[in-house]
Amino acid sequence: MKPFTFNLEAVLILRQREEQQAARNWAEALRNQNLIEGALRQAESELRQSQETLARQRNGRFLPGEHQIHLAANANQKAICEALAKRLAEAMEYTKKQHAILLEARMKVEVLMRLKEKRKKDYEAAVMAQEEAAIDDMVIARYAAKSREFWR
Numbered sequence: 004m005k006p007f008t009f010n011l012e013a014v015l016i017l018r019q020r021e022e023q024q025a026a027r028n029w030a031e032a033l034r035n036q037n038l039i040e041g042a043l044r045q046a047e048s049e050l051r052q053s054q055e056t057l058a059r060q061r062n063g064r065f066l067p068g069e070h071q072i073h074l075a076a077n078a079n080q081k082a083i084c085e086a087l088a089k090r091l092a093e094a095m096e097y098t099k100k101q102h103a104i105l106l107e108a109r110m111k112v113e114v115l116m117r118l119k120e121k122r123k124k125d126y127e128a129a130v131m132a133q134e135e136a137a138i139d140d141m142v143i144a145r146y147a148a149k150s151r152e153f154w155r
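Laid out in structure tokens, this is it:
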């Protein structure tokens, strides 16, 4: 018998490439999400510092216009935090979608791998059956030859 060949090998290779690309896309989405999380933490830290500065200045005296400058800076930092929080939510949603795509691609590869293993086992069973049949034929032929010699 000729060696085992999986007739869907090209499809399996294509699915594996798709899975690898999906894994790269998910990793990139995670990296982007982590960058945005870091930027948001930094912006929130700066917002807390700005709020602490305002609180300290309220206990002391303000120079003319200084309070307005700090209030505007505080409002600007809040807007930055809100924008980053929105971008983070979008990035998290995109990461979830990429992860779902990766899982789907992985499942497609697994299905083909299981099919390949099943077909390989079936092929090996057929080879084994063919070898057993050949051995049985050989044993029967020897027995028949010995029987003919015995009865002559």
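Taking the numbering used here, the leading residue of the sequence shown gets 4, the next gets one more, and so forth. Built from N, CA and C at the ideal position, the CB exists for glycine as well. No experiment lies behind these values; they were computed from the predicted model shown.
- Collapsing the DSSP output to three states places G41 in a helix.
- The beta-carbon distance between L87 and A46, rounded to whole angstroms, is 5 Å. This is short enough to meet the 8 Å contact definition.
- Remark: C-beta atoms of A32 and Q101 approach each other more closely than 8 Å.
- One thing to note: I39 has its Cβ no nearer than 8 Å to the Cβ of L105.
- Scanning the region 116-143 from its first residue to its last, no whole alpha helix (DSSP H) run of 4-plus residues comes out.
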